[in-house]
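For the sequence shown, our numbering assigns the number 305 to the last residue and increments by one with no breaks.
Here a beta-carbon is modelled for each residue, glycine too, at the ideal position from N, C-alpha and C.
See below for the structure under consideration.
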Amino acid sequence: MTQAPTPRTILTASLDIAFEESGPTNGVPVILLHGWPDDVRTWDRIAPALRAAGFRVLVPFLRGFGGTRFRDPGAMRSGQLSALARDVLDFADALRIGRFAIVGHDWGARAAYIAACVAPDRVAACAALSVGWGTNDADQVLPLPQARNYWYHWLMALPRGEALVRDDRRAFTRYIWSIWTAAWTIPDAAFDATAAAFDTPDWTDVVLHSYRARWGLAAPDPTCAALEARVRAAPTIHVPTLMLHGGSDPCNAPVTSEGKDALFGAAYERHILPHVGHFPQREAPDALLRPLLPFLLRSFA
5 MTQAPTPRTI LTASLDIAFE ESGPTNGVPV ILLHGWPDDV RTWDRIAPAL RAAGFRVLVP
65 FLRGFGGTRF RDPGAMRSGQ LSALARDVLD FADALRIGRF AIVGHDWGAR AAYIAACVAP
125 DRVAACAALS VGWGTNDADQ VLPLPQARNY WYHWLMALPR GEALVRDDRR AFTRYIWSIW
185 TAAWTIPDAA FDATAAAFDT PDWTDVVLHS YRARWGLAAP DPTCAALEAR VRAAPTIHVP
245 TLMLHGGSDP CNAPVTSEGK DALFGAAYER HILPHVGHFP QREAPDALLR PLLPFLLRSF
305 A
């Protein structure tokens, strides 16, 4: 068994994906997907329990983050959510993994949902943190408080926001972290360890495209058209799914994940974690693991 995470890189059709692996090599694979603005360090308080339970833990850097690189210098630096989901499936293919579980937070949760939706034969279980399914549509109705919560989306649609992301990303993302946690302050050392993953050639372009394309403010990634069409045509997820939402999340308010049961054709659970903000895996790992670990174990029983 590998106790400490081992850094690795795997080649897919479009990316060199940097990732960390730990746990028994013959264990059930669990892929942990970070969000924005975050990186693989977000899972450091969760991964040990998964390793101890016998899971093979795989933690990739998303496109544009850390050591993950586009293979084609001329490729579109797309941050489209369906591209992230395709990356997950390509990642599993490159590692010759058949069925696996996904645990995703924020961007990672959106990617996990999409992967589970289009590849139920591959995804054995999906756990999503801080994001409800059915919330990716540019035409969705947003309650006014949630429109206010998305101020950073609207800022990044403007030249002023683009300049901030390009030229002062550390201050911008540190401020985001400071307002997205409820009753716990993420230490500066933890932020510094993660923020290094934002200092890549592609981070800014991927981030700006992700938020702009999400609202129809940037051209979509043409390579994702077929995948997007599949999700629109059949949005029901036929994979056991666990949704965990911080009760004090000031980014995606808990109301945004309510009433989604009809979008699931397999077992679906939703739990609210009281007094927890947007980063439950960092803020309250024990509260998160209480429902998460039994869910994963049941899914492979």
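Per DSSP, cross-strand counterpart(s) of residue i
{"i": "PHE268", "result": "ILE241"}
{"i": "THR10", "result": "GLU25"}
{"i": "VAL61", "result": "SER26 and VAL34"}
{"i": "HIS275", "result": "LEU248"}
{"i": "LEU15", "result": "ASP20"}
Test item: CB-CB of residue i and residue j under 8 angstroms
{"i": "GLY112", "j": "HIS38", "result": "yes"}
{"i": "GLY281", "j": "PRO254", "result": "yes"}
{"i": "SER261", "j": "HIS275", "result": "no"}
{"i": "VAL32", "j": "ALA51", "result": "no"}
{"i": "LEU133", "j": "PRO278", "result": "no"}
{"i": "LEU146", "j": "THR72", "result": "no"}
{"i": "PHE95", "j": "ILE14", "result": "yes"}
{"i": "ARG67", "j": "LEU88", "result": "yes"}
{"i": "ASP43", "j": "PHE23", "result": "no"}
{"i": "THR46", "j": "HIS109", "result": "yes"}
{"i": "PRO256", "j": "VAL107", "result": "The sequence shown places Asn at residue 256, rather than the Pro named in the question. Not closer than 8 angstroms, so no."}
{"i": "ASP225", "j": "SER26", "result": "no"}
{"i": "ASN140", "j": "LEU212", "result": "no"}
{"i": "LEU267", "j": "VAL122", "result": "no"}
Start-to-end residues for the beta strand (DSSP E) that takes in residue i
{"i": "GLU25", "result": "19 to 27"}
{"i": "LEU66", "result": "Looking at the DSSP string, LEU66 is not in any beta strand (DSSP E), and its letter there is neither H nor E."}
{"i": "LEU36", "result": "32 to 37"}
Candidates the options: closest to residue i by CA position
{"i": "ALA120", "options": "GLU166, GLY269, LEU293 and ARG286", "result": "GLY269"}
{"i": "ALA131", "options": "THR198, ALA123 and LEU246", "result": "LEU246"}
{"i": "GLU273", "options": "ARG286, GLN285 and ARG302", "result": "ARG302"}
{"i": "LEU168", "options": "THR208, THR139, VAL145 and TRP137", "result": "THR208"}
{"i": "ASP125", "options": "ARG173, ASP143, THR139 and ALA105", "result": "ALA105"}
{"i": "ARG294", "options": "PRO191, ASP42, LEU54 and GLN150", "result": "LEU54"}
{"i": "PHE59", "options": "PRO9, THR198, SER82 and ASP43", "result": "PRO9"}
{"i": "PHE65", "options": "PRO163, ARG178, GLN144 and ALA201", "result": "ALA201"}
{"i": "ASP76", "options": "VAL34, PRO28, ALA17 and SER26", "result": "ALA17"}
{"i": "LEU4", "options": "GLN84, PRO244, VAL259 and HIS213", "result": "Nothing about residue 4 can be read from this structure; the chain reaches only from 5 to 305."}
{"i": "ASP196", "options": "ILE21, TYR179 and LEU231", "result": "TYR179"}
{"i": "MET160", "options": "LEU93, ALA222 and ALA230", "result": "ALA222"}
{"i": "GLU166", "options": "TYR154, ALA199 and TYR215", "result": "TYR215"}
{"i": "ALA79", "options": "GLY251, PRO205, PRO258 and ILE241", "result": "PRO205"}
{"i": "SER252", "options": "HIS242, ARG12, ARG49 and TRP188", "result": "TRP188"}
{"i": "TRP184", "options": "HIS213, ASN153, ARG174 and ASP172", "result": "ASN153"}
{"i": "PRO289", "options": "PRO41, ASP48 and GLN7", "result": "ASP48"}
{"i": "HIS242", "options": "ASN30, ARG90, ALA116 and ALA98", "result": "ALA116"}
{"i": "VAL259", "options": "ARG164, PRO149 and PRO191", "result": "PRO149"}
{"i": "GLU287", "options": "GLY138, THR29 and PRO191", "result": "PRO191"}
Residue span of the alpha helix (DSSP H) that contains residue i, given as start and end
{"i": "PHE299", "result": "289 to 303"}
{"i": "GLY165", "result": "163 to 171"}
{"i": "LEU159", "result": "155 to 160"}
{"i": "LEU54", "result": "51 to 56"}
Which runs of the alpha helix (DSSP H), 4 residues or longer, sit entirely within the region 181 to 257? Within the region 181 to 257, the runs of alpha helix (DSSP H) at least 4 residues long that lie entirely inside it are, in chain order, 192 to 199, 207 to 218 and 229 to 237.
Residue ranges of each alpha helix (DSSP H) within the region 68 to 140, 4 or longer: Taking 4 residues as the minimum length, the alpha helix (DSSP H) runs contained wholly in the region 68 to 140 are 85 to 98 and 111 to 122, in order along the chain.
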